Amino acid sequence: VVGLAAAAEMIVSGKPISGKKALDNGLVDRLVGEDFIADAAAFAAEMAEKDSHPATDAKAVELPAPDFFETLRKTWSRRSRGARAPQACIDCLQAAVDLPIDQGLKREREIFQECVTSPEAAAMRAIFFAERQAARLKGDDAKVEPRTVETVSVLGSGTMGTGITIAFLDGGFPVTLLDTNQEALARAKERIAKTYDGSIAKGRISEAQRGARLGALSLATSLEEAANADMIVEAVFEEMDVKKSIFTDLGKMTSPGTILASNTSYLNIDEIASVTGGREADVLGMHFFSPANIMKLLEVVRADKTDPAVLQAALAIGKKLGKVCVVAGVCHGFIANRTLEGYMREAQFLLEEGATPSQVDGALTKFGMAMGPLAVADLAGLDISWAKRKAAEATRDPAIRYSGVSDRLCENGWFGQKTGRGYYVYDPETRRPSPNREVDAIIAAEAKASGIKRREISDAEIVERCFFTVINEGARVLEEGIAQRASDIDVAWVNGYGYPRHRGGPMHWADTLGAARILTRIEAFNQAHDFWEPAPLLRQLAEQDKTFASLSEG
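Set out below in structure tokens:
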């Protein structure tokens, strides 16, 4: 009907196409307006008057080039990050071309049965249901009606504040963006307008939609101008004293019942709420991931005294913004960043012990990650985490292992993509990475200074050490009640960090391996490395031969 190339893109990607594109490629014969019944009747009458009708089986089928399927497989191998289903679709397409129709249909059925009973299919079903369950509160809190939120103010016009503002405008909310710096506000408004210009160029929104969204944006330079909103989202930089000063003012200047949200990624929401003058019930965390208008994950952080109606309001808003919400308790880094720390730490340690940046990232992208941890660090900017490490240096225990590789890169002025050099060297035109050979010498020097004898490291060890630490910390997060269920951790990793959907998330993957196997490896790592004390919950599951999923059953 549409030709093999167009059919392959539609079938393998599974993405819908517009009506216009369907008409252009011959998938449909006519587009109709809103009065589709009358239009359909008119089309039927028109066809009835004709002697012949369109016959799809009469169309000539153009045979593919000899290397068509080989090229298609290579393309989708890169795009699908190791998922089996796209390759299975290509198998079906090739069967349709190479075999008689009855044999082709039989082969298609066989491939379908293989897919539907595969571990990958089980993982995809698990994450599908996990995403729908993650935003549901447990117990009586699930029955609480959310507070009404019709207007929003965002405090801070930096990268996060601007992204959050766009997300709310996209969700249909009137937004007041506050910054005491008039020039910063003007730059933020310009970035917002450029974002919508880009969306128009890509056909995602119309000129009218752009106008409506920009028309819903107000700018303010004083808190008085922003204090009347139903929800206020603080998005200033990550310093407790600054946030507490803002929330002290919010407690005084906003009406009781106004929801006060902090977009902190690590800080203690209870401590922030404590300065609001008895308004703790109105306070929660809303941790957007950068860029906030694009990333799907939203961690909704429940403080000790947060009103369930406030939580329900944040979850309802998240859904309206098109986010996948996960409810987290208060701890350093909540669910996502807390479990990420070990993943990033092991990547650094593996460098000192013998791996290269390309090997670490390559092993994890072959596993299915969207990007490796060191490429992600370069993208985010190595100077960001460097500033945090320097701030924490005075309190760091010198007896605990610490990798200084990233510090040495920053001391050279290599902050990643923004400076053209970090763990990798970046082409100034394409930003395509290539190995930074000078990093190898830095890694070797750091290993020698720490008394580490470098060795050959396998890809399997890289995957185990980077993800078994996530699973171990995930078990602690569950023990402490920070996450409501193990699958919430999976949702955070799939939507926040690019964990492959076809593996279901790290905790689902752990269940497929078995707690006993993971415990055995962690105990082995614990003999040689810091940070590997097994979580009591992991040990319990291993002894009882149970899964993380079983904790949410019954």
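Here the sequence shown is numbered in the working numbering, starting from 1 and rising by one per residue. Virtual Cβ for every residue (Gly too), placed ideally from N, Cα, C. Computed from a predicted model, the values in this text were never measured in an experiment.
In terms of DSSP beta bridges, what is residue i paired with?
i	result
residue 435	424
residue 232	153 and 260
residue 218	176
residue 286	300
residue 325	298
residue 483	328
residue 416	421
Taking the alpha carbon of residue i as the reference point, which residue from the options has its own alpha carbon closest?
i	options	result
residue 493	474, 239, 118 and 329	474
residue 69	130, 225, 545 and 92	92
residue 168	323, 448 and 394	323
residue 73	21, 36, 9 and 96	9
residue 230	203, 243 and 259	259
residue 310	232, 128 and 506	232
residue 340	450, 132 and 470	470
residue 343	325, 371 and 316	371
residue 438	448, 423, 279 and 452	423
residue 346	336, 519 and 403	403
residue 555	528, 472, 489 and 483	The structure shown does not extend to residue 555, since the chain is modelled only from 1 through 554, so no value can be given for it.
Near residue i, what residues of its chain come up, given a Cβ to Cβ distance below 7 Å and the 5 sequence neighbours on each side ignored?
i	result
residue 457	350, 353, 354 and 355
residue 27	1 and 2
residue 512	119
residue 536	479
residue 249	223
residue 17	10
residue 290	159, 160 and 163
Is the CB-CB distance between residue i and residue j below 7 Å?
i	j	result
residue 442	residue 465	no
residue 161	residue 208	no
residue 226	residue 284	no
residue 515	residue 542	yes
residue 240	residue 261	no
residue 149	residue 175	no
residue 247	residue 299	no
residue 123	residue 504	yes
residue 501	residue 127	yes
residue 440	residue 410	no
residue 507	residue 548	yes
residue 166	residue 288	no
residue 368	residue 158	no
residue 551	residue 538	no
residue 450	residue 337	no
residue 545	residue 130	no
residue 143	residue 484	no
residue 95	residue 109	no
Could you give the distance in angstroms between the alpha-carbon of residue i and the alpha-carbon of residue j?
i	j	result
residue 196	residue 210	6 Å
residue 318	residue 273	21 Å
residue 435	residue 463	21 Å
residue 379	residue 373	10 Å
residue 312	residue 98	54 Å
residue 302	residue 327	7 Å
residue 601	residue 206	The question about residue 601 has no answer, for the chain in this structure spans 1 to 554.
residue 14	residue 305	44 Å
residue 487	residue 526	26 Å
residue 5	residue 32	26 Å
residue 275	residue 251	8 Å
residue 11	residue 76	12 Å
residue 224	residue 314	23 Å
residue 40	residue 496	44 Å
residue 454	residue 521	20 Å
residue 426	residue 517	40 Å
residue 84	residue 297	25 Å
residue 220	residue 186	11 Å
residue 145	residue 307	11 Å
residue 254	residue 228	7 Å
residue 421	residue 396	28 Å
residue 183	residue 279	32 Å
residue 100	residue 62	16 Å
Apart from the five residues just before and just after residue i, which ones in its own chain have a Cβ nearer than 8 Å to its Cβ?
i	result
residue 530	400 and 401
residue 480	329 and 331
residue 359	457, 459 and 462
residue 180	221 and 222
Ignore the nearest five residues each way along the sequence and tell me which others in residue i's own chain have a CB closer than 6 Å to its CB.
i	result
residue 381	415, 416 and 418
residue 213	169
residue 320	171
residue 375	361
residue 173	152
residue 88	111 and 115
Please report whether the beta-carbon of residue i lies at a distance below 7 Å from any beta-carbon of chain D.
i	result
residue 1	Within the model displayed, chain D is absent; a lone protein chain is all it includes.
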